[in-house]
Amino acid sequence: MAMPQNSTGENGFCFAQTLDFSHPSPPPGEAGRTFDARSGREACGTPLSNGTASSGTPSPSDSCAEPLCSSTPGEEDTQFGEGIKYVSDEGEELACGWGGFTPGCLQLFNTSKGVLFFLCVASFLQGMTVNGFINTVITSIERRFDLRSYQSGLIASSYDIAACVCLTFVSYFGGNGHKPRWLGWGVLVMGLGSLLFALPHFSTGPYEARSAAEVGVCGGNQSLPCAQAASSLSGYRFVFMLGQFLHGMGATPLYTLGVTYLDENVKTNYSPVYIAVFYTAAILGPAAGYLVGGMFLNIYTEIGREIDITPENMLWVGAWWIGFLGAGAASLLISIPILGYPQRLPGSQRYIVMRVSEAHQLKDGSHKKASDPDFGKTVKDLPRSVLLLLKNPTFIFLCLAGATEATLIAGMSTFGPKFLESQFSLSASEAATFFGYLVVPAGGGGTFLGGFLVNKFKLRCSGIIKLCLLCTVSSLLAIFIFFIHCPNMPMAGVTQMYEGSALPGGHLNLTAACNAECGCLQETYSPVCGSDDIMYYSPCHAGCKKVSENLRNGKKVYHECSCIQKTLLPSPGDAEAGKCTSSCAKRPLLLFFMFVVILFTFLSSIPALTATLRCVSDRQRSFALGIQWIVVRTLGGIPGPIAFGSMIDKSCLLWQDQCGEQGSCYVYQNSAMSRYTLIAGLVYKVLGTTFFIVACLLYKPPAPESTPGSSDASENGNSDLQERKPSLPAEEDI
C-alpha cells in the first residue's frame, strides 16, 4: 500500500500522491477496488462522499478536499486493511444552524477553528467562575455569611460532587450522541448556576459592618448587641452549594465531550495543540477571575452606600456577586452558537480513516471488542465498557496520577489567595490579584507548552508519559520551598504579650493594664497598625482615645494610644487602620518557587490527557475521559478543598467570636500553614510520581504489524521518547 510522502493543507493534511487501499483478500465483486485520493473517486468509478455535496469545487473547510471513502446506499461498513475503518455517513446533516435555520454566513464558523473558539470562550467562562471568582471571594463569603473554612471547602467541592454524579451518564451517552447539543445545554445550565450563586446577595438584608468609630474608641465604647439573625446566615451555604452543583452539571460535557469532539475533527498530530489551546483558555479563565474578582472586592458589597471602613479593614466585604451575574449572562449567550454545530464537522472523515491506534494491548485480546462499530450504542454495553477500562493498567494509573495532581490544584486554587494573604499580610483583593499574576503565566503558559511539546517532538504514548513523569519530579523538588515561611506580623495579645513577651501556652490575652479601663469588646475586630509596628485587635485594644483621617490615603488615624509607646518618648503613640505591611525578605524566593510548582504541575496536564486519549480504543475515548474525571474528582477534586480547608483551620490563631459562637478565622499562624502545605504537597507529589512510573512500565503498545502506518512520514521523528510507527509493505502505485 503506497503512502504519501508529504502533507500540507488544513491542519497540515493533504495528499501529494495517490493512496492505494487494497484488501488482502477482497470479497467477491470487490476485487480491484482502489481509491485515488487526488480524484476522490474509487477506481471502479463509484463517486464518494464525505457528507458534503459532491462537486469539483473544494469546500471552505477542506482545502485539499475531495470526498473520502463512502459506501453506496444499503452497503455495510467494511474495512480496508486492519486499523483503517470504512465509515458511512449517508444522510448526515453537516450544516451549522438550529433546525432548519442554517444561513450561509454561519458556515464560515463550521470549521475546527470555529468550534475551538466557542469552546474556548465556554471553558474561559467556566474557569473564571468556578476556579476564579469563587476562590477569590471565598474570604468575603465567609465573612458575609459567617462560614468556616471547611464549610467554604464544602461549597468548592460541590462542583466536583455534581460532576461525579453526571459523568458516567454524560460521557457514555453523550460520547455516542450529538456532542455539540450536550455541550450547548451544559453551558446553559452552567450559566443558571452562576446566577443562582449570586442570589443570596439579593435575598439577604444589607450588610452591617460595625466599624471601630461606631462602637467608639477607648473611653467611649458602646455596647454591641448580638444580632439574632447572624447565625442563620450560614444556612445560605446550601444555596451556594446548589449553584456549584449546577456549575458541575454544566461543565461535565465541556471537558469530556468537548475534548473528544476536538480530537475527532482534527488530524492526530494537531490534536494536542487544539486541546492545549482549549485548556489554556480554561487556565486563563481563573487568572482573569482572580484579577477581575480582586477589582470587584475593592467595591463595597452594598453599592452606593456610604461606609467609613476601607478594603484593608477585616470587616470589609467587597462586591463578590457582580462577577457571577456577568459570567452567568455570558454563559447563556455562548450556549446558543454551540448548540448549532453538527454532530461532526465537514471534512473530518479523513482524519478518522487515517487514525493510528495506540491503545494498550490486553493479553486476552478483549480490547478488540471496542473496535466493533455497534459497541457502546446501548446501555447493555456499559458494564463491558467499564470492564475494558478497568483491565487497562495504563489508564488506571494515569487516572490515579491525575487525582493526586487534582488534589493539590483544587486545594491551592481554593486557598492559595488566603495563603498569600496570611504570609504577606495582604488584603483579600491584593492577595487575589497577586495569585492571578502567578496563575496567568505559570498555569496558562504551562498548559499550552505541554501540548506544544507533544506536537513538536511527535511523542508517542510512552514518551508522553515520560514527559509527565519529568514534570512531576521537577515540581516535587520545587515544593520543598514551603520549608520557609514569612513570620507573622507581631500582634499584641495574639502572637505576643502587650509588653512583647511570648504568650503562655499560646492562649489569647487581649486585656492589659493599658486598656483595662476601656471596656473593649472582642466582637469588634478592626486591626490597627501602631507606630511601633505592632498590630492591635482594635483601636480600643490599643488604648486609643482620639480619631482623625489621613487626607493622603483616606485611612483613619488614631491618637493618644496608651498601649503604644513612641520611640524614644514616653508619651502615647499613634495607630493607623488596617494591617501592618509585611517586609518579609523571603517573599521573592517564595513567589518564584510557587511559580515553578504551578508551571510544572500544569505542564503535565495536556500530555497526561493526550496519553489517556491514546491508550484507549477510539470508541471509548469520551467514556474513558468521563471515568477518569470521576476518579480524579472523587479522589482529588472533592477531598482537596475540604482537606486543605480543615488543614488551614488547624493553623488558626484567632477565631471570630459572635456572642459565644465561633465564626471565621481572623489570624493564621504562618509557620503552621506552610508546614501543612509542605506535608500535603510532598505526599501527593510522591504518589503522582509513583503512578506515572507504573503507568509507563505497564504500557503495552500495539504490535508493529497491527498499525497501518502513518499518514505523515514526519510523525516518525527521531526523539528518544518516540516509538517508531512502521508502515505496511508498499504496493504498486496507481
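For the sequence shown, counting from 1, position 495 maps to 508 in the numbering used here; every step adds exactly one.
Cβ coordinates follow ideal geometry from the N, Cα and C atoms, glycine included.
| Check | Outcome |
| --- | --- |
| Is the separation between the beta-carbon of residue 778 and that of residue 638 shorter than 8 Å? | For residue 778 there is no data in the structure shown, the boundaries of the chain being 14 and 747. |
| Spatial neighbours of residue 664 within its chain, please: C-beta separation below 7 Å, excluding the five flanking residues on both sides. | 681, 682, 685, 686, 689 |
| Whole angstroms are fine: how far does the CA of residue 666 sit from the CA of residue 435? | 11 Å |
| For residue 104, I'd like the list of residues in its chain whose CB is within less than 7 Å of its CB, leaving aside the five on either flank, ordered along the chain. | Confidence is the limiting factor: at residue 104 the pLDDT is only 49, short of 50, which leaves the residue's position unreliable, though a coordinate-based value still follows. Nothing listed; no residue qualifies. |
| Beta strand (DSSP E) containing residue 562: first to last residue? | 559–562 |
| Spell out the partners DSSP gives residue 509 in its beta bridges. | 505 |
| Comparing alpha-carbon positions, which option in 407, 585, 272 lies nearest residue 712? | 407 |
| Below 6 Å CB to CB, which residues in the same chain sit around residue 423 once its five sequence neighbours on both sides are set aside? | 650, 653, 654 |
| What does the Cβ neighbour count give for residue 598, buried or exposed, with the cut at 16 atoms within 10 Å? | exposed |
| Excluding the 5 residues flanking residue 457 on each side, which residues of the same chain have their C-beta closer than 7 Å to its C-beta? | 293, 296, 297, 300 |
| Could you tell me which uninterrupted alpha helix (DSSP H) segments, each at least 4 residues in length, are contained entirely in the stretch 581–618, listed from first to last along the chain? | 600–616 |
| At the level of alpha carbons, what is the spacing between residue 551 and residue 703? | 50 Å |
| Would you check if the stretch 314–329 and the stretch 497–509 touch, i.e. whether three or more CB-CB distances between them fall below 8 Å? | no |
| Given that a residue counts as buried once 16 or more other Cβ atoms are within 10 Å of its Cβ, and exposed if not, what is residue 546? | exposed |
| Quick one, are the C-beta atoms of residue 266 and residue 196 less than 8 Å apart? | yes |
| Using the three-state DSSP reduction, which class does residue 499 fall into: helix, strand or coil? | coil |
| Please say whether residue 302 and residue 141 have beta carbons closer to each other than 8 Å? | yes |
| Going along the chain, which residues of its own chain have a beta-carbon closer than 6 Å to the beta-carbon of residue 419, five neighbours each way excluded? | 645, 649, 650 |
| Enumerate, from N- to C-terminal direction, the unbroken beta strand (DSSP E) stretches of 3 or more residues contained entirely within the stretch 444–499. | none |
| Tell me whether residue 288 is buried or exposed, calling it buried when 16 or more other Cβ atoms sit within 10 Å of its Cβ. | buried |
| So is residue 490 buried or exposed if we call it buried at 16+ other beta carbons inside 10 Å? | exposed |
| CB-CB under 6 Å to residue 219, same chain, minus the five flanking residues each way: which ones, in chain order? | 315 |
| Are residue 259 and residue 203 closer than 8 Å when you measure CB to CB? | yes |
| Compute the distance between the beta-carbons of residue 211 and residue 309, then report whether it is under 8 Å. | no |
| Could you say which of 660, 575, 567 lies nearest to residue 324 if we only look at CA atoms? | 567 |
| Since residue 466 contacts residue 124 with CB under 8 Å, what's their CB separation in whole angstroms? | That belief does not hold up - the Cβ atoms of residue 466 and residue 124 are roughly 26 Å apart, past 8 Å. |
| Hey, would you say residue 564 sits closer than 8 Å to residue 463, going by beta carbons? | no |
| Is there at least one non-hydrogen atom of the ligand MN closer than 7 Å to the beta-carbon of residue 597? | Ligands are entirely absent from the displayed structure, and the ligand MN is therefore not among its contents. |
| For residue 313, write down the residues that DSSP places opposite it in a beta bridge. | 331 |
| Using 8 Å for Cβ pairs, my map puts residue 621 next to residue 353. What's the rounded Cβ distance? | Their Cβ separation, rounded to whole angstroms, is 32 Å, which puts residue 621 and residue 353 out of contact at 8 Å. |
| Let's see if you can read the secondary structure: which residues bound the alpha helix (DSSP H) around residue 643? | 634–645 |
| Whole angstroms are fine: how far does the CA of residue 606 sit from the CA of residue 470? | 27 Å |
| Please report the distance separating the alpha-carbon of residue 52 from that of residue 395. | The pLDDT assigned to residue 52 is 38, lower than 50, so where the model puts this residue is not dependable; a value taken from the coordinates is nonetheless given after this. Those two C-alpha atoms are separated by around 41 Å. |
| Counting only runs of 4+ residues fully inside the stretch 170–217, write out the alpha helix (DSSP H) ranges in chain order. | 192–216 |
| Using the Cβ count rule (16 or more neighbours within 10 Å means buried), how would you classify residue 121? | exposed |
| State the Cα-Cα distance for the pair residue 286 and residue 478, rounded to the nearest angstrom. | 17 Å |
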